[in-house]
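Report on one structure; see the data block that follows.
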Amino acid sequence: MKRVFSGVQPSGELTLGNYLGALRNFVRLQHEAECFFCVVDLHAITVPQDPAQLNRRTFDLAKLYVASGLDPKIATIFVQSHVPAHSELSWLLSCFTYIGELSRMTQFKEKGRKGENVSSGLLMYPVLMAADILLYDTDAVPVGEDQKQHLELSRNIAERINHHFGPVFRVPEPLIPPKKAGARIMSLTDPTAKMAKSGEANSYIALLDPPEVIAKKIRAAVTDSGREVYYDEVNKPAISNLMVIYSLCSGEALETIAERYGSSGYGRFKSDLAEHVIQTLKPIQERYRELSEPGVIEAILAEGAAKAESVAKVTLDRFRQKIGLVPRFNLD
Ligand code: AQP
0 MKRVFSGVQP SGELTLGNYL GALRNFVRLQ HEAECFFCVV DLHAITVPQD
50 PAQLNRRTFD LAKLYVASGL DPKIATIFVQ SHVPAHSELS WLLSCFTYIG
100 ELSRMTQFKE KGRKGENVSS GLLMYPVLMA ADILLYDTDA VPVGEDQKQH
150 LELSRNIAER INHHFGPVFR VPEPLIPPKK AGARIMSLTD PTAKMAKSGE
200 ANSYIALLDP PEVIAKKIRA AVTDSGREVY YDEVNKPAIS NLMVIYSLCS
250 GEALETIAER YGSSGYGRFK SDLAEHVIQT LKPIQERYRE LSEPGVIEAI
300 LAEGAAKAES VAKVTLDRFR QKIGLVPRFN LD
């Protein structure tokens with residue numbers, strides 16, 4: 000059976016972009032492959048985080064994984080920092096990664112530009128991501144388009160090491176849905192930027208937003224000039240983005256949506272869109288509340304970490320041995 004690994008950062012409230020671009024695909028994949036889904040808390044701290052918020056968001060994200068339909072009996076769900084092999088492999092891989100290739104990464108350049116004191120962790124982000132993926136002998140990594148460049152780097156690092164030491168790592172393939180299938184959901188306030196959980200509140204729909212907030216955000220979403228509803232990424236980027244969201248939440252083709260709303264203006268289109276988004280998120284929000292019983296998510300994460308650790312250890316030991324590190328001595 001193929002192995003799949005992916006992760007999401009607890010760096011904010013999970014957005015509809017994360018759901019349509021990532022989580023929804025994770026749910027489908029759990030029935031097709033052996034899946035490892037991680038809350039990548041060590042990635043989140045590459046930019047400043049409030050400790051109490053990070054703690055709460057880590058639990059929230061794990062609950063949203065399950066609430067979105069991931070079944071902990073089928074998929075392994077865990078927190079990255081609970082499996083120390085991620086940090087250890089990241090260090091080892093960093094010794095085979097060039098500073099030049101890290102500083103060329105678009106995300107580093109974009110996020111680095113925002114803050115005055117940029118941490119070296121932000122530069123190292125793709126190395127930690129490579130460690131996450133390579134530890135599980137991953138065949139495929141479902142990600143949004145924004146992560147394509149990082150995944151390419153993971154492949155380069157794995158190939159470089161395999162070339163030098165003989166086969167160590169499986170070289171992973173990206174699994175990126177087509178744009179119209181949610182690979183890049185754009186911001187509601189700026190259709191040229193992707194919807195991100197670290198964006199300003201009106202730019203994204205959070206998975207836990209109440210219905211009235213969802214409706215308000217969609218009403219306030221920017222639109223393009225004119226009043227026709229049709230898909231045209233270049234001339235109608237805002238409406239095209241809302242149409243993709245509509246299509247993914249309703250299951251209807253873009254053409255059907257364009258035919259229904261045509262030139263009747265944006266008002267009815269937006270209010271129907273809000274209803275589809277509300278109905279898509281309703282079952283997730285209900286399951287999320289059930290998972291808030293004390294101890295439920297903790298038990299899932301404990302089991303997930305133990306399972307992940309047993310797999311990760313084998314890969315880490317294999318690599319340690321290849322590069323000449325002495326195995327730890329056992330006195331009994
Ligand atoms: N707008 C998006 N459309 C489609 N897919 C998206 N993803 C993120 N935003 C969109 C996908 O969600 C997964 C988890 O992403 P992440 O949290 O690990 O990192 P990210 O890509 O940096 O996500 P955000 O929401 O933009 O977080 P911040 O604001 O903290 O940087 C990935 O598969 C990603 O592609």
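Anchor point for the sequence shown: position 165 equals 164 in numbering that gives the first Met the number 0, and the numbering is continuous, going up by one each time. Every residue, glycine too, gets a C-beta built ideally from N, C-alpha and C. This one's a predicted model, so the numbers in the text were calculated from it and none came from an experiment.
query = For the alpha helix (DSSP H) that Val-221 lies in, which residues bound it at each end?
reply = Position 222 of the sequence shown, counting from 1, holds the residue named residue 221. Counted as a single uninterrupted DSSP element, the stretch harbouring Val-221 is not any alpha helix (DSSP H), since DSSP gives it neither H nor E.
ask   = What residue does the beta strand (DSSP E) around Gly-120 start on, and which one ends it?
value = Along the sequence shown, read from residue 1 onward, the residue named residue 120 stands at position 121. Per DSSP, Gly-120 lies in no beta strand (DSSP E) segment; the continuous alpha helix (DSSP H) that holds it begins and ends at 119-133.
message = I'd like to check one pair, Leu-134 with Ala-61: are the Cβ atoms closer than 8 Å?
response = Residue 61 sits at position 62 when you count from the first residue of the sequence shown. Residue 134 sits at position 135 when you count from the first residue of the sequence shown. The answer is no: Cβ separation not under 8 Å.
task = Tell me whether Arg-286 sits in a helix, a strand or coil according to DSSP, three-state version.
result = By 1-based counting over the sequence shown, the position of residue 286 is 287. Arg-286 falls in the helix class under three-state DSSP.
request  = Pick out whichever of Lys-215, Ala-307, Leu-315, Tyr-124 has its Cα sitting closest to the Cα of Ile-76.
outcome  = Walking along the sequence shown from the start, residue 76 turns up at place 77. Nearest to Ile-76 by C-alpha distance, out of Lys-215, Ala-307, Leu-315, Tyr-124, is Ala-307.
Where Lys-108 falls, given that 16 or more other Cβ within 10 Å makes a residue buried = Position 109 of the sequence shown, counted from the first residue, corresponds to residue 108. Exposed, because fewer than 16 other Cβ atoms sit within 10 Å of the Cβ of Lys-108.
task = Might you give, ordered along the chain, the residues of its own chain that have their beta carbon closer than 8 Å to the beta carbon of Lys-1, omitting 5 neighbours on each side?
result = Numbered from its first residue, the sequence shown carries residue 1 at position 2. For Lys-1, same chain residues with a beta-carbon under 8 Å away, outside a window of 5 residues either side, are Glu-31, Ala-32, Glu-33, Asp-138, Ala-139 in chain order.
request  = Note down the Cα distance separating Pro-326 from Leu-315, rounded to an integer number of angstroms.
outcome  = The residue you call residue 326 lines up with position 327 of the sequence shown. The residue you call residue 315 lines up with position 316 of the sequence shown. Near 11 Å, if we compare the C-alpha coordinates of Leu-315 and Pro-326.
ask   = If we count the other Cβ atoms within 10 Å of its Cβ and call it buried at 16 or more, is Pro-125 buried or exposed?
value = As a first step, residue 125 is located in the sequence shown; it is residue number 126 there, counting from the start. So Pro-125 ends up on the buried side.
task = Count the other C-beta atoms from every protein chain shown that fall within 10 angstroms of the C-beta of Arg-27, then say buried if there are 16 or more, exposed otherwise.
result = The count along the sequence shown starts at 1 and reaches residue 27 at position 28. If you draw a 10 Å sphere on the C-beta of Arg-27, you find fewer than 16 other C-beta atoms in it, and that means exposed.
request  = For the alpha helix (DSSP H) containing Gly-99, list its first residue and its last residue.
outcome  = To locate residue 99, count along the sequence shown from 1; it is residue 100. Element bounds for Gly-99: 98-102.
request  = Starting from Arg-366, trace the alpha helix (DSSP H) both ways and give me its first and last residue.
outcome  = Lying outside 0 to 331, the shown extent of the chain, residue 366 is not represented and no answer is given.
ask   = Is the beta carbon of Leu-174 within less than 7 Å of some heavy atom of the ligand AQP?
value = Position 175 of the sequence shown, counting from 1, holds the residue named residue 174. Flag unset: Cβ of Leu-174 not near the ligand AQP.
Alpha helix (DSSP H) segments (min. 4 residues) lying fully within the stretch 223-254 = Counting only runs of 4 or more, we get 236-249.
ask   = Quick one: is the Cβ of Thr-14 within less than 7 Å of any heavy atom of the ligand AQP?
value = Within the sequence shown, residue 14 is the residue found at index 15, counting from 1. Yes.
key: In DSSP terms, what Cys-34 is bridged to   = As a position in the sequence shown, residue 34 is number 35, starting the count at 1. Beta-bridge pairing by DSSP links Cys-34 to Val-3.
task = Out of Lys-147, Val-38, Leu-19, point me to the one whose CA is closest to Ala-304's CA.
result = In the sequence shown, residue 304 corresponds to position 305, counting from 1. Residue Val-38 holds the alpha-carbon nearest to the alpha-carbon of Ala-304 among Lys-147, Val-38, Leu-19.
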